[in-house]
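For reference, the structure discussed in these notes is given below.
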Amino acid sequence: MNNNLGIIVRREFMERVGKKSFIFTTLLMPVLMLLLMAMPALIAIFSTPSDKTVAVNDLSGYVMQVLKNADISHLTFVSVDESADSALSNTDYYGVLSIPADIVEHPSSATLFLHESGSVETESTISELIRQAVRDQRMRAYDIENLNQILEETNVDVNLQTVRIDESGETENTSSAVSFGIGMFMTFLLYMFLLMYGQLVMTSIIEEKNNRVLELVVSSVKPVYLMLGKIFGVGLVAIVQIVIWGVLLCAMSAFLLPALMPAEVTQQVAMFNAGEMATGAEALDPSLLNALSIFSSVGYIAKLFAFILIFLIGGFLFYASIFAAIGSAVDNIQDASQLTSFAVIPIIIGLVVGMTVGNDPNSTLAFWASLIPFTSPMVMLMRVPFGIPSWEIWLSVVVLYASFIAMVWLAAKIYRIGIFMYGKKPSMRDLIRWARYK
0 MNNNLGIIVR REFMERVGKK SFIFTTLLMP VLMLLLMAMP ALIAIFSTPS DKTVAVNDLS
60 GYVMQVLKNA DISHLTFVSV DESADSALSN TDYYGVLSIP ADIVEHPSSA TLFLHESGSV
120 ETESTISELI RQAVRDQRMR AYDIENLNQI LEETNVDVNL QTVRIDESGE TENTSSAVSF
180 GIGMFMTFLL YMFLLMYGQL VMTSIIEEKN NRVLELVVSS VKPVYLMLGK IFGVGLVAIV
240 QIVIWGVLLC AMSAFLLPAL MPAEVTQQVA MFNAGEMATG AEALDPSLLN ALSIFSSVGY
300 IAKLFAFILI FLIGGFLFYA SIFAAIGSAV DNIQDASQLT SFAVIPIIIG LVVGMTVGND
360 PNSTLAFWAS LIPFTSPMVM LMRVPFGIPS WEIWLSVVVL YASFIAMVWL AAKIYRIGIF
420 MYGKKPSMRD LIRWARYK
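The sequence shown maps to residues 0 to 437 in numbering that gives the first Met the number 0.
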């Protein structure tokens, strides 16, 4: 490596890694991920509904019985004969439920009167109980003995376990829902890094161009080395950040998650990993078991972050070259706003296509979008968790890195001319002319 190139890379890297903002965001992100993991439990703790007493004026004669038999911890139903207006004068009541006599013929005629703001959960619970009462009453009209028992016995829930057979013939439990969620996380992470660090390269070049620093540096360093130094230096910052996040998440997976999981859940995950479905009333959903199996597998998490690194490096080098060429061609951020669409729009398209192919990771669109370098980083990261053939992954990697070399060659030709241009916003014709200079 050229000595001057190494100096530039080291300067760009140290200038950004030493900032407090880098340290803060690098350490804060895993904490936010941990909070997101604990969010469902926190929501369940702090969103427990308050106890409510509902007065019921039931003219039908049978809805109240269903309401009383319902085991709803935060709702108490009290039968009253008075009108809604009279019952609402009692501030001990949360509300008054009026059930007309013809509720079976007109199931939407029930009315809940409140003298305070309503609750979505409470209203949906009461609606479901009334629906059950009306359904039971309508079933009695068929005069079939033990009809409720027959319906209960024939009602079943099916939890489909999905097993994928890989190229070597080995089986692996999988879940499309979990794979889609992991793919979305990886795709959004790459999307964020490409935009954030790619534009960082562009703004850095614009600032140094305005300060005339580039003219001094170019006297001792070739323009192509200067551009590569900035790209490699900023890219190294992104790589370090991803590696730190990967190490922290692997540590959480190895030590924190097993300590948080109850013993019975740990046992079910072990049975799931062994290919044995847990049975019984307390058995967890296969998708949840698959998610816990993945999050508790340090090797799998490390593998995912390895793929993130591979496509982050290739995607960043490809797009950072475009951002560098744009930064060299303009004098300020305002002039760059229009030209950046040539880099930003393909990244957004890659994100949208990635979200689309998550529904069918083996489609023709998914395959070709994984090879086109403008979209392949995001699309391929969406497909990786689904266990696609490894040759498709490595073919995408080869095409992406080869495209980076071609893009750097093109961007360097624009860069060497653009850094000396001031006072005029270049047109596309100007950029094409610069690229054709020998």
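The beta-carbon is built from N, C-alpha and C at its ideal position, and this holds for glycine as well. Values in this document were obtained by computation on a predicted structure and should not be read as measured data.
Neighbour-count burial assignment, residue i, 16 or more Cβ in a 10 Å radius
i    : result
G298 : exposed
A411 : buried
S141 : This sequence places Tyr at residue 141; Ser is not what is there. Its Cβ having fewer than 16 others within 10 Å, Y141 is exposed.
E281 : Note that E281 scores 46 on pLDDT, short of 50, meaning its location in the model is unreliable; the coordinates nonetheless yield the value given after this. E281 should be labelled exposed.
K423 : exposed
P257 : exposed
M444 : The structure shown does not extend to residue 444, since the chain is modelled only from 0 to 437, so the question has no answer here.
W433 : buried
T186 : buried
P388 : exposed
Y421 : exposed
M13  : exposed
I416 : buried
T90  : exposed
Q337 : exposed
R15  : buried
I307 : buried
P39  : Low confidence applies to P39: its pLDDT is 49, below 50, so where it sits in the model is not reliable enough to give any reading.
T153 : exposed
V351 : exposed
S107 : exposed
A253 : exposed
Cutoff 8 angstroms: residue i Cβ touching any chain C Cβ
i    : result
K221 : Within the model displayed, chain C is absent; a lone protein chain is all it includes.
As assigned by DSSP and simplified to three states, the class of residue i
i    : result
V383 : helix
L111 : strand
S369 : coil
I300 : helix
S375 : helix
G326 : helix
F76  : strand
V55  : strand
G60  : coil
V407 : helix
V220 : coil
V177 : helix
V103 : coil
G357 : coil
I98  : strand
D91  : coil
K412 : helix
A140 : coil
E122 : helix
M260 : coil
A69  : coil
D451 : With the chain running from 0 to 437 in the structure shown, residue 451 is simply not present.
T25  : helix
M420 : coil
A40  : Reliability of the predicted coordinates at A40 is poor, the pLDDT of 48 falling under 50, and no value is obtained from them.
P425 : coil
Y436 : coil
S402 : helix
S82  : coil
S295 : coil
Residue from the options with nearest C-alpha to residue i
i    : options                : result
T121 : S72, R137, L146        : S72
M354 : S203, T374, L26        : T374
A136 : E115, N210, G60        : First, the amino acid is wrong: residue 136 is Gln here, not Ala. For Q136, the nearest C-alpha among the options comes from G60.
F192 : V239, N209, Q148       : V239
A401 : I243, H105, P372, V233 : P372
F385 : L303, V16, I332, S203  : L303
A100 : A262, T25, I129        : I129
D334 : I413, I205, F231       : I205
I6   : S369, V220, C249, L248 : V220
W390 : W408, S82, L370, R415  : L370
A86  : I392, F112, M195       : F112
T265 : Q148, I293, T75        : I293
L194 : I413, N361, G349, L27  : G349
E81  : D70, V55, E104         : V55
A237 : S340, S327, I309, I431 : I309
A368 : V378, S118, K18        : V378
A393 : V246, A405, K208, P376 : The sequence given here has Trp at residue 393, not Ala. If we check each option's Cα against that of W393, P376 comes out closest.
Anticipated Cβ contact below 8 angstroms, residue i with residue j, distance rounded
i    : j    : result
A132 : V53  : Incorrect: roughly 14 angstroms between the Cβ atoms, too far for contact.
A342 : V356 : No, A342 and V356 are not in contact; Cβ-Cβ is about 22 angstroms, not under 8 angstroms.
Y318 : I346 : 7 angstroms
F403 : L316 : 4 angstroms
Y224 : L4   : 5 angstroms
M201 : Y414 : No, M201 and Y414 are not in contact; Cβ-Cβ is about 11 angstroms, not under 8 angstroms.
T25  : I243 : 5 angstroms
Any non-hydrogen atom of the ligand MG closer than 7 angstroms to residue i Cβ
i    : result
F304 : As far as ligands go, the structure on display features none, and thus does not contain the ligand MG.
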